[in-house]
Each structure stands twice: as structure tokens, then as C-alpha cells.
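Chemist: Numbering of the sequence shown is given in numbering that gives the first Met the number 0, commencing with residue 0 and proceeding in unit increments. Ideal placement from N, C-alpha and C gives every residue a C-beta, glycine not left out.
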Amino acid sequence: MRSNSFSALKQMKRRDFLKFCGATAAMMGLSELYVPKIAEAVTSAAKRPSVVWLTLSCDSGCTEMFIKARNPGPAELILDVLSVDYDDTIMAAAGDQAEENLKNAVGAGGFILVIEGGMPSKHGFGMIGGRDMLDIVKEAAPKAAAVVALGSCATNGGIQGARPNPSGLMSVSEVLSPMGIKNVNLPGCPADPKLLVGVVLNYLLFKKLPDLDDQGRPRMFYSKTVHEQCERRAYFEAGRFVEAFGTPEMEKGYCLYKMGCKGPLTYAPCPAIRYNNNVSWCIQAGAPCIGCLDMKWPDNFYPFYAQLKDIRFDGTTTTADNVGKALGAVTVAGIAVHATVTAVKSKSGRKGENN
Ligand code: SF4
Ligand code: SF4
0 MRSNSFSALK QMKRRDFLKF CGATAAMMGL SELYVPKIAE AVTSAAKRPS
50 VVWLTLSCDS GCTEMFIKAR NPGPAELILD VLSVDYDDTI MAAAGDQAEE
100 NLKNAVGAGG FILVIEGGMP SKHGFGMIGG RDMLDIVKEA APKAAAVVAL
150 GSCATNGGIQ GARPNPSGLM SVSEVLSPMG IKNVNLPGCP ADPKLLVGVV
200 LNYLLFKKLP DLDDQGRPRM FYSKTVHEQC ERRAYFEAGR FVEAFGTPEM
250 EKGYCLYKMG CKGPLTYAPC PAIRYNNNVS WCIQAGAPCI GCLDMKWPDN
300 FYPFYAQLKD IRFDGTTTTA DNVGKALGAV TVAGIAVHAT VTAVKSKSGR
350 KGENN
């Protein structure tokens, strides 16, 4: 599959394109000085890196999110900057022709292998073209220049790999580590395309993958908890909590800790990157975080809407009630909560679930 040469980039307004480059630089923790370099890397890539995108055991949610991104669309950007030579889900080819495309792309080597979905370890539980997904990955990965596991199913099994894991689903790292291959993990259900764009741009800019933590996640995205970055944090510290959906406290945008929010446990960039084309994110929309970007999701996060008993806070373990008592309201004035309250008020009248 080949895109029309740089068509979307040419159609994108220069100002929008630079805005995108600026936002990407900020997301990657780079200074504004990198904006022209990012623009240069994107538009002048002499030879677009080849991408092989395998969609394995998953619901294709990451692809869905990827192809729906817009203004400016990472999908357009990727399709213009990269040569997507094989993609199970969105390619026009089918049957023997698709198999031939995969064989040729893998045979050429040096591609970026994006893997969406996990791999059943039990024979016959997940097959493409008569072959186990596990075997397809084992054949393709050694020939790749870089391997990116995209989304929770690929990084840690996700829903398919949750207990009791009937297909014996394995994550990309579980399959590749014994083969001596290190991969990038971008957990998320689904994973936001901006994260993949960040990894690809890092590759184009610096000719290498980003700095990874001990779980293979780029440090530039996954080094802080949702709680650390949360716009409701002032209310947490002031001990002001929502205790039931549909209450005045909900309207005021108070902290969702008592509604089961797992933000304090979850290392993820959601408050910074936001979703649905940067419109909002879970907590801004009034939903407690269920930890879906964490490497131990979902098994370590049940029940989703039960309050955490303890929380590590400033080096000690405490409870939400004690945090409120200890800190009082002193920090509220120092942290802007107006945006949160405004956003929550715009949801006025919407009733949530209280599980
Ligand atoms: S507990 Fe949840 S809602 Fe409250 S401040 Fe932390 S992340 Fe935000
Ligand atoms: S549930 Fe939590 S980790 Fe998942 S997208 Fe929402 S804020 Fe991020």
C-alpha cells in the first residue's frame, strides 16, 4: 500500500503544520528549538521508512483511533512520511496478494514493525492465512529495524490476556525478549496515535528509538502518574471528593478518588495529550481513571469503581480522607481549577454510573 506522495502535507496549512510540530515537540519533552527540525524531518525524509503493521488478537481499536485522528491527522502524516507496505486492517489487498505483500515487505527487511494485538500461544486460537500469529511475529521481528507494540493487547495482553487468559495470549515483549529483541511498548486501550507519531518522529530526528524505561515504555510519555498531572489534584489535596455521580460535588469538578479513580496508580500522559482530537480526557469528562494505560491493566485494576484503600503520597502511604485532613484547603487557591469546573459544568445534567 502506497500513499499519494506528500498529498496531505501539501494540503495542510503551514501554520497548522507548525502548530502540530510544536505540540509534538512539547509532548516529546523537546524545546521549541526542535520545531523546525521536526518539520524538516517530516517533510524531507528522502526515503520513507517502510512500515509493516500487524493487527493480531485485538478489536482493532488502535487502528480505529489512528485512522480517525484529524486536524492535523497523524494518520495522514504517517501515511505521507512512511511507506506503509503492509497493514492487515486498512490495506486494499486481500488473500494471496496480501500474503505476497507481507512476504515482500518482511523479505526486504529494515522496516518498522508495528504490532497491534497479542499473540495466542495455543495453536489455532489466532491465525492469519493459515498461520499462527505467533509464528508470523517470530518470522517478521528479527528482520525489523524497530518493533513497536501498540496498545494494551500488544503490550500486556489487554482484555484478551486478562485472567483466565483462555488463549494463552502473550504480549510482544513476552515473545521477543527470549529472542533477544527489545521492543517499544506503547500501552493504552486504545493507544493514542500521537504516541506512535512521537516514537516515529524520534526515530526520524535522532535515528534511534526514544529512551525507554524498564518496561519498554518511552520515558518521555510514561514517567508521571495521571494523578501528578491531573487538573483535579487541588481538590484531592483539599480533601474535596465526589461521593456519588450526579451530585453538586460532581458539578463542581471535585476529585474522583472516592469514585474509584486509579490515577494515583497509573503512569500515563492522558492529561497532557487528551483524546478525541485533544478535546478532552476521561477525568475532565467526569469519569474516574480505570488505569487502561498501565502495564498491569486490567487485572490489577479491578474493581474499576472501588476506592483505592491506600495511596502513596509524598513518600508516605495514606488514605484519601487523611490527605484531606492533613492538607486542608490551602493548596486550592494555588492551582487553577477553573478550567475543570467549566468543563464539568458543560456536562451538566449527564448522569454517570455509580458502581
Ligand atoms: S484521584 Fe483521580 S481525579 Fe483525583 S486528583 Fe488524582 S487522578 Fe485526579
Ligand atoms: S482510564 Fe486512565 S489511563 Fe485510561 S485513558 Fe483514561 S485517564 Fe488514561
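At the level of alpha carbons, what is the spacing between V222 and Y274?
Modeler: Here the question's residue 222 lines up with position 223 in the sequence shown. Here the question's residue 274 lines up with position 275 in the sequence shown. Residue 222 is actually Ser in this sequence, not Val. Distance between the alpha carbons of S222 and Y274: 19 Å.
Chemist: Which residues bound the beta strand (DSSP E) around Y85?
Modeler: Counting from one through the sequence shown, the residue named residue 85 turns up at place 86. That run of the beta strand (DSSP E) goes 82-86.
Chemist: Considering only residues of the stretch 143-222, which uninterrupted alpha helix (DSSP H) runs meet the minimum length of 4 residues and lie entirely inside it, listed in chain order?
Modeler: Taking only runs of at least 4 residues, the alpha helix (DSSP H) segments lying wholly in the stretch 143-222 are 151-155, 171-175, 192-205, 218-221.
Chemist: Can you tell me whether S176 is buried or exposed, with buried defined as 16 or more other CB within 10 angstroms of its CB?
Modeler: If you number the sequence shown from 1, residue 176 lands on position 177. Result: exposed.
Chemist: Secondary structure at Y266, three-state DSSP: helix, strand or coil?
Modeler: On the sequence shown, position 267 is the one that residue 266 refers to. Three-state DSSP puts Y266 in a strand.
Chemist: Can you have a look at R231 and say buried or exposed, based on whether 16 or more other CB atoms are within 10 angstroms of its CB?
Modeler: Walking along the sequence shown from the start, residue 231 turns up at place 232. Buried, because 16 or more other Cβ atoms sit within 10 Å of the Cβ of R231.
Chemist: Take the Cβ of Q283 as the centre, count every other Cβ of all protein chains shown within 10 Å, and call the residue buried at 16 or more, exposed below.
Modeler: The residue labelled residue 283 in the question sits at position 284 within the sequence shown. The residue in question, Q283, is buried, as its Cβ has 16 or more Cβ neighbours within 10 Å.
Chemist: Within the same chain, show all residues whose beta-carbon is closer than 6 Å to that of C260, passing over the 5 residues directly before and after it, in chain order.
Modeler: Locating residue 260 in the sequence shown gives position 261, where the first residue counts as 1. Once the five neighbours on either side are set aside, the close Cβ partners of C260 are P287, C288.
Chemist: What I want to know is whether the C-beta of F303 ends up closer than 7 Å to one or more non-hydrogen atoms of ligand 1.
Modeler: To locate residue 303, count along the sequence shown from 1; it is residue 304. It does not: the Cβ of F303 is nowhere closer than 7 Å to a heavy atom of ligand 1.
Chemist: Can you tell me whether DSSP reads V241 as helix, strand or coil?
Modeler: On the sequence shown, residue 241 is found 242 positions in, with the first residue counted as 1. Reduced to three states, the DSSP call for V241 is coil.
Chemist: Any idea if L32 is buried or exposed, counting beta-carbon neighbours within 10 angstroms, 16 or more meaning buried?
Modeler: Position 33 of the sequence shown, counted from the start, is the residue given in the question as residue 32. It is exposed - the Cβ of L32 has fewer than 16 other Cβ atoms within 10 Å.
Chemist: Classify A93 as buried or exposed, calling it buried when 16 or more other Cβ atoms lie within 10 Å of its own Cβ.
Modeler: By one-based count along the sequence shown, residue 93 stands at place 94. By the 10 Å Cβ count, A93 comes out exposed.
Chemist: Could you check the C-alpha separation between A22 and Q159 for me, to the nearest Å?
Modeler: As a first step, residue 22 must be located in the sequence shown, where it is residue number 23. As a first step, residue 159 must be located in the sequence shown, where it is residue number 160. Near 33 Å, if we compare the C-alpha coordinates of Q159 and A22.
Chemist: Applying the criterion that 16 or more other CB atoms from any shown protein chain within 10 Å of the CB defines a buried residue, is G179 buried or exposed?
Modeler: Here the question's residue 179 lines up with position 180 in the sequence shown. Exposed, since its Cβ has fewer than 16 Cβ neighbours within 10 Å.
Chemist: For V136 and P209, what's the separation of their Cα atoms in angstroms?
Modeler: In the sequence shown, residue 136 corresponds to position 137, counting from 1. In the sequence shown, residue 209 corresponds to position 210, counting from 1. Looking at the two C-alpha atoms, the distance is approximately 22 Å.
Chemist: Does DSSP put Y33 in a helix, in a strand, or in coil?
Modeler: Position 34 of the sequence shown, counted from the start, is the residue given in the question as residue 33. Y33 falls in the helix class under three-state DSSP.
Chemist: My output table needs one value for C61: the three-state DSSP class, helix, strand or coil.
Modeler: Taking the first residue of the sequence shown as position 1, residue 61 is located at position 62. It is helical.
Chemist: Spatial neighbours of G197 within its chain, please: C-beta separation below 8 Å, excluding the five flanking residues on both sides.
Modeler: Here the question's residue 197 lines up with position 198 in the sequence shown. Only T23, M26, M27, P209, P217, M219, F220 meet the Cβ criterion.
Chemist: Give me the Cα-Cα distance between G156 and Q306, rounded to the nearest whole angstrom.
Modeler: Sequence index remark: in the sequence shown, residue 156 carries index 157 (1-based). Sequence index remark: in the sequence shown, residue 306 carries index 307 (1-based). Each residue's Cα considered, the two are about 25 Å apart.
Chemist: Out of curiosity, what's the CA-to-CA distance linking P268 and L149?
Modeler: By 1-based counting over the sequence shown, the position of residue 268 is 269. By 1-based counting over the sequence shown, the position of residue 149 is 150. The alpha-carbon atoms of P268 and L149 are separated by roughly 15 Å.
Chemist: Pick helix, strand or coil for D134, following the three-state DSSP scheme.
Modeler: One-based indexing of the sequence shown puts residue 134 at position 135. If DSSP states are grouped into helix, strand and coil, D134 belongs with the helices.
Chemist: Within the present structure, is the beta-carbon of G157 separated from the nearest heavy atom of ligand 2 by less than 7 Å?
Modeler: Counted from its first residue, the sequence shown places residue 157 at position 158. No, the beta carbon of G157 sits no closer than 7 Å to any heavy atom of ligand 2.
Chemist: Mind checking which residues open and close the beta strand (DSSP E) that includes T54?
Modeler: Position 55 of the sequence shown, counted from the first residue, corresponds to residue 54. 49-54 is the extent of the beta strand (DSSP E) around T54.
Chemist: Since R112 is in the beta strand (DSSP E), which residue starts that stretch and which ends it?
Modeler: Numbered from its first residue, the sequence shown carries residue 112 at position 113. Here the sequence assigns Leu to residue 112, which means Arg is not the residue at that position. Where L112 is concerned, the enclosing beta strand (DSSP E) stretches over 111-115.
Chemist: Which stretch, first to last residue, makes up the alpha helix (DSSP H) that contains F16?
Modeler: One-based indexing of the sequence shown puts residue 16 at position 17. Run containing F16: 13-26, per the alpha helix (DSSP H) assignment.
Chemist: In whole angstroms, give me the CA-to-CA distance for T265 and L292.
Modeler: Mapped onto the sequence shown, residue 265 falls at position 266. Mapped onto the sequence shown, residue 292 falls at position 293. So the alpha carbons of these two residues sit roughly 7 Å apart.
Chemist: Which term fits A139, buried or exposed, when burial requires 16 or more other beta carbons within 10 angstroms of its beta carbon?
Modeler: Translated into positions along the sequence shown, residue 139 becomes position 140. Looking at its Cβ environment, which holds 16 or more other Cβ atoms inside 10 Å, A139 is buried.
Chemist: Assuming the contact rule is C-beta atoms closer than 8 Å, K36 and L204 should be a hit. Round their C-beta distance to whole Å, please.
Modeler: In the sequence shown, counting from the first residue as 1, residue 36 sits at position 37. In the sequence shown, counting from the first residue as 1, residue 204 sits at position 205. The pair is a contact, with the Cβ atoms about 6 Å apart (cut-off 8 Å).
Chemist: Which residues in the same chain as G108 place their Cβ atom closer than 7 Å to its Cβ, once the five residues preceding and following it in sequence are excluded?
Modeler: If you number the sequence shown from 1, residue 108 lands on position 109. Cβ neighbours of G108 beyond the five flanking positions: K142.
Chemist: Could you please give me the residues that DSSP links to I127 through a beta bridge?
Modeler: As a position in the sequence shown, residue 127 is number 128, starting the count at 1. Looking at the DSSP assignment, I127 forms a beta bridge with R130.
Chemist: For C281, verify whether its CB is less than 7 Å away from any heavy atom of ligand 1.
Modeler: As a position in the sequence shown, residue 281 is number 282, starting the count at 1. Answer for C281: no, Cβ out of range of ligand 1.
Chemist: What's the call for R13, buried or exposed, on a 16-neighbour Cβ count within 10 Å?
Modeler: Position 14 of the sequence shown, counted from the start, is the residue given in the question as residue 13. Looking at its Cβ environment, which holds fewer than 16 other Cβ atoms inside 10 Å, R13 is exposed.
Chemist: Please classify S59 as buried or exposed, where buried requires at least 16 other C-beta atoms within 10 Å of its C-beta.
Modeler: In the sequence shown, the residue the question calls residue 59 occupies position 60. Classification of S59: buried, given that the 10 Å Cβ count is 16 or more.
Chemist: Less than 8 Å between the CB atoms is what I'm expecting for H226 and P263, so what's the real figure, rounded?
Modeler: Locating residue 226 in the sequence shown gives position 227, where the first residue counts as 1. Locating residue 263 in the sequence shown gives position 264, where the first residue counts as 1. Indeed, because the Cβ distance is near 4 Å, the residues count as touching under 8 Å.
Chemist: Would you check if the distance between the CB atom of M169 and the CB atom of G215 is smaller than 8 Å?
Modeler: Working through the sequence shown from its first residue, we reach residue 169 at position 170. Working through the sequence shown from its first residue, we reach residue 215 at position 216. The answer is no: Cβ separation not under 8 Å.
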